[in-house]
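A.B. asks: First, the structure itself, so that you have it in front of you.
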Amino acid sequence: MTKWLKASLLIAMGFGLLAGVPTGANATSKGHVVATTKVAKKAYHATKQSPIYTTTSLKKVRAKANLHTTYYVTKQATIKHNGKKAVYQYVTAKQVKGWLKKTSLKAGKVVVKSKAFKVAAANQAFLTEVNHYRQQHGTAAIQLDSQYQALAMQRAKELYQLGFEQYDHQDRPYAQLDAKQLGISFQPNACPTCLYGNGPISESVSESYADHANQAKVAAKVGKAEAKDLLYKSVEGSWDNRENLVRANSTKMGIGWYDHGGDIYLAVNAEVTPLAD
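Reading the sequence shown from the start, the letters are residues -27 to -1, 1 to 250 in mature numbering (1 follows the signal peptide of the UniProt record, and there is no 0).
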């Protein structure tokens, strides 16, 4: 056999071998349904961003599963794909529908995290700053009180509703009026020189802006920043807001927050007891 003939045979064999090798476009085999089952409609949420296929052939991906979407399943199929069997469920949502691998789903709707301002995180940061300042100046720590906390939360909301007013049309402090409604007992003449709520219940107020304040880390930053502002920066040329936080004869405090579209309203109310003679 001549060299030319041998070369021709080798080339022909090479083409024959190549013809049997799948190309990148069709290397993945088509999925075949082994069994289909109807199931009662039920809510699920994805645990992985797995592909959602348009059909049971598993050839075309419509979208990736969204971890923040609730899907509803009405049927499922066992599909043999690339020599392996797996169960896929047919999912529907507002924006997408298709076949998603069952192992990527978990029963139940998506749990929506609360958008509310994280009061506990903000309070902890605020109180830490205040008590650090009090300790540095030889004053005992002040404690959060459930009654004063309810008062402060109510006052923070009123600051938004009433345009930051602290006194009614008869020049009566809202803090004291609200305290009576909440059943808080106090001594009327405990602090005749206390401003921002003249009398036995002091009040410091402020306003700031914070996006994503429903997250604990952000709320804690807000709490720390607000405490520092009240402690170290004068407001309208006076230091009365700071004095309300550091009085030695104040041992109970409430820290109230109200979030309106990222505008954070703060009210701090504290009990003022009579000074010892």
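Yeah, the Cβ is synthetic: ideal placement off N, Cα and C, and Gly gets one too.
Using the Cα positions of Q49 and V84, report the straight-line distance between them to the nearest angstrom.
C.D. replies: 24 Å
A.B. asks: Under 7 Å between C-beta atoms, does L155 make it to chain D?
C.D. replies: Of the protein chains in the structure, only one exists, and it is not chain D.
A.B. asks: List the whole-angstrom C-beta distance separating L204 from V103, where the pair is believed to meet the contact cut-off of C-beta under 8 Å.
C.D. replies: 7 Å
A.B. asks: Cβ atoms of L124 and L155: under 7 Å apart, would you say?
C.D. replies: Cβ distance < 7 Å, so L155 and L124 count as in contact.
A.B. asks: At the level of alpha carbons, what is the spacing between residue 307 and A13?
C.D. replies: Nothing can be reported for residue 307, as the shown portion of the chain is limited to -27 through 250.
A.B. asks: So is Q134 buried or exposed if we call it buried at 16+ other beta carbons inside 10 Å?
C.D. replies: exposed
A.B. asks: Check for me: the alpha helix (DSSP H) holding A192 runs from which residue to which?
C.D. replies: A189 to Y205
A.B. asks: Below 7 Å between beta carbons: does that hold for S23 and K3?
C.D. replies: no
A.B. asks: I'd like to know whether the C-beta atoms of R128 and G71 end up nearer to each other than 7 Å.
C.D. replies: no
A.B. asks: If you follow the alpha helix (DSSP H) that E131 is in, where does it begin and where does it stop?
C.D. replies: Counting along the chain, the alpha helix (DSSP H) containing E131 begins and ends at S119 to Q134.
A.B. asks: In whole angstroms, what is the alpha-carbon distance linking K57 and M126?
C.D. replies: 59 Å
A.B. asks: Tell whether a beta-carbon distance below 7 Å holds between A94 and A186.
C.D. replies: no
A.B. asks: For G235, collect the residues of the same chain with a Cβ closer than 8 Å to its Cβ; drop the 5 residues on either side in sequence, then sort them by chain order.
C.D. replies: Closer than 8 Å at Cβ, skipping near neighbours: Y182, A183, D184 and A186.
A.B. asks: Out of T27, N242, A16 and Q139, state which residue places its alpha-carbon closest to the alpha-carbon of E176.
C.D. replies: N242
A.B. asks: Would you check if the distance between the CB atom of V92 and the CB atom of T51 is smaller than 7 Å?
C.D. replies: no
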